[in-house]
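> I'd like to ask some things about the structure below.
4 protein chains.
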Amino acid sequence: MPAPQDGVGYLGPAGTFCEEGLRRLDPDTAESAWPAPTVAAALETLREGVLAEALVPFENSVEGSVSATLDELIRGEPLVITGEVHVEVEFALMARPGTDLAAVRRIATHPVAEAQTRDWIAAHLPGAEVIPESSTARAAVLVAAEVYDAAIAAPLAAERHGLNILVGGIADRPGAVTRFIRLARPGHIPEATGADVTTLVAYLRHNHAGALLDLLNQFAMRGVDLVRLESRPTGEALGQYCFAIEALGHLREPRVAEALRGLHRVCAQVRFLGSYPRAQAAQTPVPEVATAQAYDAARVWVERLSR
Amino acid sequence: MPAPQDGVGYLGPAGTFCEEGLRRLDPDTAESAWPAPTVAAALETLREGVLAEALVPFENSVEGSVSATLDELIRGEPLVITGEVHVEVEFALMARPGTDLAAVRRIATHPVAEAQTRDWIAAHLPGAEVIPESSTARAAVLVAAEVYDAAIAAPLAAERHGLNILVGGIADRPGAVTRFIRLARPGHIPEATGADVTTLVAYLRHNHAGALLDLLNQFAMRGVDLVRLESRPTGEALGQYCFAIEALGHLREPRVAEALRGLHRVCAQVRFLGSYPRAQAAQTPVPEVATAQAYDAARVWVERLSR
Amino acid sequence: MPAPQDGVGYLGPAGTFCEEGLRRLDPDTAESAWPAPTVAAALETLREGVLAEALVPFENSVEGSVSATLDELIRGEPLVITGEVHVEVEFALMARPGTDLAAVRRIATHPVAEAQTRDWIAAHLPGAEVIPESSTARAAVLVAAEVYDAAIAAPLAAERHGLNILVGGIADRPGAVTRFIRLARPGHIPEATGADVTTLVAYLRHNHAGALLDLLNQFAMRGVDLVRLESRPTGEALGQYCFAIEALGHLREPRVAEALRGLHRVCAQVRFLGSYPRAQAAQTPVPEVATAQAYDAARVWVERLSR
Amino acid sequence: MPAPQDGVGYLGPAGTFCEEGLRRLDPDTAESAWPAPTVAAALETLREGVLAEALVPFENSVEGSVSATLDELIRGEPLVITGEVHVEVEFALMARPGTDLAAVRRIATHPVAEAQTRDWIAAHLPGAEVIPESSTARAAVLVAAEVYDAAIAAPLAAERHGLNILVGGIADRPGAVTRFIRLARPGHIPEATGADVTTLVAYLRHNHAGALLDLLNQFAMRGVDLVRLESRPTGEALGQYCFAIEALGHLREPRVAEALRGLHRVCAQVRFLGSYPRAQAAQTPVPEVATAQAYDAARVWVERLSR
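Protein sequences, first through last, are from chains X, S, U and L. First residue of the first sequence? That's 1 in full-length UniProt numbering, and the numbers climb one at a time after it. First residue of the second sequence? That's 1 in full-length UniProt numbering, and the numbers climb one at a time after it. First residue of the third sequence? That's 1 in full-length UniProt numbering, and the numbers climb one at a time after it. First residue of the fourth sequence? That's 1 in full-length UniProt numbering, and the numbers climb one at a time after it.
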């Protein structure tokens with residue numbers, strides 16, 4: 001199934017949590033969306049102009065950052081994030097109609113899903129073999145194809161691939177959440193809503209504690225809170241990192257714009273990855289000294305002095 | 001093969017880069033060391049007191065942190081790092097004697113190795129299928145067992161499992177390095193050498209830019225440089241992180257001890273993961289205002305004032 | 001009148017606000033105390049071991065720092081502050097019995113008192129000449145000696161020198177307060193009360209914004225609030241300053257001791273000028289992360305790790 | 001002698017170091033300039049629009065800030081500094097022609113001059129009485145009028161008032177320098193020269209260490225060095241200060257403008273007191289990350305992102 005021109009792609013196959021995220025974010029396009037085989041394929045197709053948008057996983061509350069996505073955003077042709085959605089991760093054990101729990105010998109799933117259901121498997125299916133597959137949905141496909149006895153996957157995968165759910169809710173740590181981001185080619189930034197997040201990647205000029213302090217200070221000084229700071233290797237050498245940063249606020253707020261200008265000055269390089277509405281739409285509180293009004297008043301004051 | 005009492009374990013199977021690292025760090029014990037099936041197994045066996053030491057991967061210059069190791073150190077019973085070794089990652093395509101490059105259809109390897117040789121495969125074996133296995137060494141074992149045609153693994157794996165190297169040096173980005181750490185149960189800290197690193201995990205009390213600044217300031221104020229800062233989800237909820245930190249210096253230096261005391265005060269929780277000699281043994285430069293002499297003189301001065 | 005051996009001195013002559021301060025701080029010794037002609041004389045006599053203590057003005061809520069006192073403390077043989085007292089400055093116009101307000105032509109007073117009553121004089125005695133004298137009490141003495149018609153001085157001066165108060169409360173800005181400090185030779189520090197202040201002088205190593213930030217950070221990082229920061233020329237050249245600093249807390253609190261050790265390391269020079277109870281005895285709030293308990297717990301934790 | 005319409009005033013009387021400063025700064029107007037009796041009189045006349053400019057002392061390398069000037073600038077109707085000049089303070093003992101050193105009993109001078117020649121007087125004229133006058137030049141006038149035997153004043157005062165210099169160069173600490181500032185009503189700022197200083201007064205919102213750090217950070221973060229920081233009481237209560245700040249750079253440089261905007265946001269109040277060429281005309285080094293080019297590039301980058 002090729003990617004539709006000007007359509008939407010997501011990390012497939014059909015039945016992943018990613019498809020579930022797309023259904024919530026954009027129900028109309030979810031039906032006709034293209035299930036990309038890998039994050040890299042989704043983003044490459046988007047960069048080439050075939051797709052208009054793509055939804056891919058970015059972060060999980062248990063496993064952390066999805067390195068494949070982050071590294072693609074850091075290293076490839078620039079893309080920007082235009083939205084996000086959070087999906088609760090619910091794992092189910094599923095098999096072909098007619099298969100009993102007692103008959104399950106070989107279970108296929110993705111390694112991340114295996115890591116999050118390990119205790120349940122050890123307790124309930126201690127003798128079963130677990131085979132890693134490239135996605136939970138592919139595991140479900142292969143169960144339908146009679147390659148394996150059962151799959152651990154999202155409930156949606158059972159529906160999609162004609163399987164029965166033997167046991168639902170088998171995550172060892174219930175309540176895990178995966179965050180998916182919608183990507184587009186640069187050129188359009190969603191309007192500020194007052195409950196936005198800005199994502200970027202910064203490379204320090206120097207590799208010491210003071211340089212990172214200077215970077216964080218660019219935000220703190222303007223009353224901008226960070227929600228995430230993630231070092232990633234630049235790939236050059238061990239000990240060389242860049243920093244993926246997520247800050248509360250929108251590029252079109254003066255405090256965020258000034259922080260970005262500050263980063264541009266003090267960093268070796270900065271890549272802007274988007275300003276977009278948060279999945280949790282609570283308004284971001286802005287300190288009195290950092291509101292757009294405070295910025296405007298300060299600008300007017302200095303302009304009048306300079307005349 | 002069970003773990004030897006009081007012996008050394010490493011992430012197996014035999015022939016991984018981890019065994020190569022152990023050979024360099026401790027040639028005498030490498031022969032009799034136990035190849036653990038997973039990082040978790042190695043660490044659990046160490047915690048139970050069966051092993052005395054274990055070597056596991058911690059970080060890769062291209063792929064970044066090894067989450068499995070870091071999360072084990074963060075969440076399980078405390079262990080401490082007592083040494084480190086860097087191993088250049090060299091990938092080779094290997095097959096049973098008699099197999100030609102032209103005959104290779106199905107290649108087994110670990111997903112990280114696949115990611116680092118993707119361009120080479122696309123250029124030289126565009127039609128081959130790549131099957132993910134749980135380690136590069138296991139891929140070699142399965143080639144020897146005639147399950148697959150070829151494996152991408154460390155050259156050592158060919159030697160160990162009786163395979164021929166078809167093509168060596170196939171990494172897309174040569175020069176990648178993996179860092180392995182030697183772990184032990186708490187109770188002994190290696191002597192300070194002047195070229196040491198201290199690893200720890202800190203949990204902020206509050207989740208904002210200022211709290212992270214305070215934390216980093218504890219180091220910067222005492223002239224202690226950071227070499228790595230890595231956020232990891234605490235697993236509680238999306239947006240809740242702790243920070244894995246690596247700083248140049250040894251717990252028994254006054255500047256590092258004071259920084260750690262500062263962290264203990266301002267953080268919700270701190271876990272000390274060890275002070276040990278760096279793989280690159282260059283002496284750490286200490287600012288004049290942060291030497292042991294400067295600390296001693298300051299302590300004597302205040303003691304005299306307080307009398 | 002010579003200074004009494006082991007006695008107490010103050011900035012005289014009798015009848016100044018300084019004598020008033022001494023009466024409040026130490027009523028028993030006020031009677032027999034020695035009125036020194038100048039701040040320098042009081043401190044020199046103290047340094048020579050003739051006096052045991054001296055009370056001198058340090059700061060005024062309108063006029064600011066008393067440079068003569070501060071410079072003596074900065075430059076001379078070390079002395080330490082052991083206490084402080086605040087005296088409300090109340091100015092009265094006083095004359096010999098029989099003199100009417102209408103007959104006042106020549107008014108003597110100290111320039112600081114003149115500055116604080118200028119509007120009143122302009123409004124009520126626009127034609128009078130104001131003659132500067134070295135103290136308000138000396139002005140009263142000279143009125144008693146019939147050199148001038150009237151003096152502007154503390155009400156106590158009228159009582160002391162047999163004058164009548166023509167008009168009381170003539171300060172342009174009522175409510176001014178002068179702060180006096182009690183000085184002794186080094187060797188004894190008052191016990192911590194929980195409502196203390198620590199005074200010191202610090203010389204930066206470098207003369208730029210960052211160096212002063214580092215200095216202030218030594219306090220902020222340990223939860224120590226500053227109440228005063230005063231630059232004073234070192235006398236070497238224009239643009240060379242040292243900083244007189246007053247911080248809430250006592251040298252024997254761990255957070256203050258650590259801040260002082262930090263200053264000792266990062267500054268070119270530090271002079272400790274005392275830890276003593278505040279005149280306003282409200283307990284100083286200490287942040288949870290900087291209490292003696294937090295410091296002790298941190299010390300014990302690191303000691304246990306280092307073993 | 002009244003102030004000339006649109007003329008220049010200075011702190012008189014004729015023969016002070018202030019007149020000497022005016023001669024250096026503006027030789028043409030010095031001849032016809034008006035010697036104001038006090039700093040307050042000079043500034044009031046300027047505020048009323050009678051004078052166009054006034055030169056007054058601002059700072060001395062031994063005695064520190066001239067509080068009278070600073071407080072006038074802080075509290076009165078706004079004025080701005082448009083230039084500065086440094087004058088070496090040279091003190092001479094002068095008398096009427098015919099007076100011998102041996103005959104000097106009563107010496108008049110200003111208290112600041114007395115403080116700077118105290119050791120010389122004690123060594124060479126131990127029996128002489130020193131009478132404080134409101135200026136050194138007035139002391140010279142009164143010697144000419146036969147009120148006193150001798151005056152300690154600037155050599156220029158001898159020339160102006162027909163006295164002989166008995167002994168020159170009698171300062172205890174030679175090399176003292178006084179800095180004079182030229183003031184005007186707001187409305188015109190001198191062009192940036194690359195070697196400028198900006199003077200302002202800031203009131204903190206809160207009275208703790210962190211608030212002052214935030215203020216200093218506004219400069220440090222933009223690569224702006226401070227040359228002076230002086231706390232002054234606001235006059236409200238003991239312990240309430242504002243801060244007079246001098247920074248290297250000009251309001252029309254983007255880094256200084258941004259720092260001022262930052263101050264305007266975080267401070268309770270800011271008063272701009274001028275940007276003007278330094279007396280020492282060495283170019284101010286600007287960090288690479290804070291040049292106008294760096295600011296322009298950052299502005300353009302963010303504008304392009306925001307489109």
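Using N, Cα and C, we set each Cβ at its ideal position, and we do this for glycine too. Keep in mind the model is a prediction, meaning the values are calculated, not measured.
1. What residues in its chain sit with their C-beta under 7 angstroms from that of P155(U), if we drop five residues either side in the sequence?
2. Say whether chain S places a C-beta atom closer than 7 angstroms to the C-beta of F180(U).
3. Which residues in the same chain have their Cβ closer than 8 angstroms to the Cβ of T234(L), if we skip the five residues on either side of it in sequence?
4. Could you check what DSSP says for L213(L) in three-state terms: helix, strand or coil?
5. Using only CA atoms, which one of A192(X), A257(X) and S306(X) lies nearest to R278(X)?
6. When DSSP builds the beta bridges, which residues end up paired with D26(L)?
7. Along the chain, where does the alpha helix (DSSP H) containing Y295(S) start, and where does it finish?
8. Determine which residues of the stretch 227-251 of chain X have a Cβ less than 7 angstroms from any Cβ of chain L, and write them out in chain order.
9. Near S135(S), which residues of its chain fall below 8 angstroms by C-beta distance, leaving aside the five closest residues on each side in sequence?
10. What residue range does the alpha helix (DSSP H) around G98(S) cover?
11. Is the beta carbon of I181(X) closer than 7 angstroms to that of E84(X)?
12. For the beta strand (DSSP E) holding H86(S), just list the boundary residues, first then last.
13. Closer than 9 angstroms by beta-carbon distance: list the chain U residues that pair up with H124(S), in chain order.
14. According to a CB-to-CB cut-off of less than 9 angstroms, which residues of the stretch 34-66 of chain U neighbour chain L?
15. Closer than 7 angstroms, CB to CB, is V302(U) near chain S or not?
16. Is it right to say H250(X) is buried, meaning 16 or more other beta carbons lie within 10 angstroms of its own, or is it exposed?
17. Given that I110(L) touches chain X, what residues does it touch there, using C-beta distances under 7 angstroms?
18. Do you know how far the Cα of E20(L) is from the Cα of T29(L)?
19. May I ask which residues mark the beginning and end of the beta strand (DSSP E) holding D196(X)?
20. Which residue marks the beginning of the beta strand (DSSP E) containing S275(L), and which one marks its end?
21. Starting from R185(X), find everything on chain L with Cβ-Cβ shorter than 7 angstroms and list it in chain order.
22. When the cut-off is 7 angstroms and only beta carbons count, does A220(X) lie next to chain S?
23. Among L55(S), L43(S) and A294(S), which residue has its Cα nearest to the Cα of T178(S)?
24. Which same chain residues end up closer than 7 angstroms to G223(X) when comparing Cβ atoms and leaving out the 5 residues on each side of it in sequence?
25. So with CB distances below 8 angstroms, who are the chain B contacts of S275(U)?
26. For V177(S), which residues in chain X fall below 8 angstroms Cβ to Cβ?
27. Can you grab the Cα-Cα spacing for the pair I245(L) / F219(L), in whole Å?
28. For A292(S), collect the residues of the same chain with a Cβ closer than 7 angstroms to its Cβ; drop the 5 residues on either side in sequence, then sort them by chain order.
29. Name, in chain order, the residues that DSSP records as bridge partners for P132(X).
30. On a CA-only basis, which of P78(X), D225(X), M94(X) and C18(X) is nearest H47(X)? Give me that one, please.
31. Looking at the C-beta of R75(S), does it have a partner C-beta in chain U at a distance below 7 angstroms?
32. How far does the alpha helix (DSSP H) with V256(L) in it reach, from first residue to last?
33. DSSP puts F180(X) in a beta bridge; with which residues?
34. Confirm, please, whether the CB-CB distance from A171(X) to Q116(X) is below 7 angstroms.
35. Going by Cα to Cα distance, which pick from R106(X), G162(X), T45(X) and E59(X) is closest to V147(X)?
36. In the DSSP output, what is S231(U) paired with across the bridge?
Answer, in terms of the structure:
1. These residues qualify, in order along the chain: E90, A92, I165 and G168.
2. no
3. Y203, Q240, Y241 and C242
4. helix
5. Considering only alpha carbons, the answer is A192(X).
6. Per the DSSP secondary-structure output, D26(L) pairs with nothing in a beta bridge.
7. A292 to S306
8. L251
9. L11, G12, P13, T16 and H110
10. Here G98(S) belongs to no alpha helix (DSSP H), and DSSP marks it neither H nor E.
11. yes
12. V80 to E88
13. By Cβ distance, chain U contributes nothing, its closest Cβ being about 52 angstroms from H124(S), past 9 angstroms.
14. Per Cβ criterion, the list reads A40, E59, N60, S61, V62, E63, G64 and S65.
15. yes
16. buried
17. Note that residue 110(L) is His in the sequence shown, not Ile. Ordered by position in chain X, no residue passes the 7 angstroms Cβ test against H110(L), which lies about 36 angstroms from the chain.
18. 12 angstroms
19. DSSP places D196(X) in the uninterrupted beta strand (DSSP E) bounded by D196 to Y203.
20. Q269 to P277
21. Within 7 angstroms Cβ-Cβ: nothing; R185(X) doesn't reach chain L, min ~14 angstroms.
22. True, the Cβ-Cβ gap to chain S drops below 7 angstroms.
23. L55(S)
24. The answer, listed in chain order, is R255, V286, P287, V289 and A290.
25. Chain labels in this structure do not include chain B; the protein chains are X, S, U and L.
26. A237 and L238
27. The straight-line gap separating the alpha-carbon atoms of I245(L) and F219(L) is approximately 10 angstroms.
28. E253 and P254
29. T109(X)
30. For the record, residue 47(X) in the displayed sequence is Arg; it is not His. If we check each option's Cα against that of R47(X), P78(X) comes out closest.
31. no
32. Where V256(L) is concerned, the enclosing alpha helix (DSSP H) stretches over P254 to V266.
33. P57(X) and V85(X)
34. yes
35. Comparing Cα positions, the closest option is R106(X).
36. F243(U)
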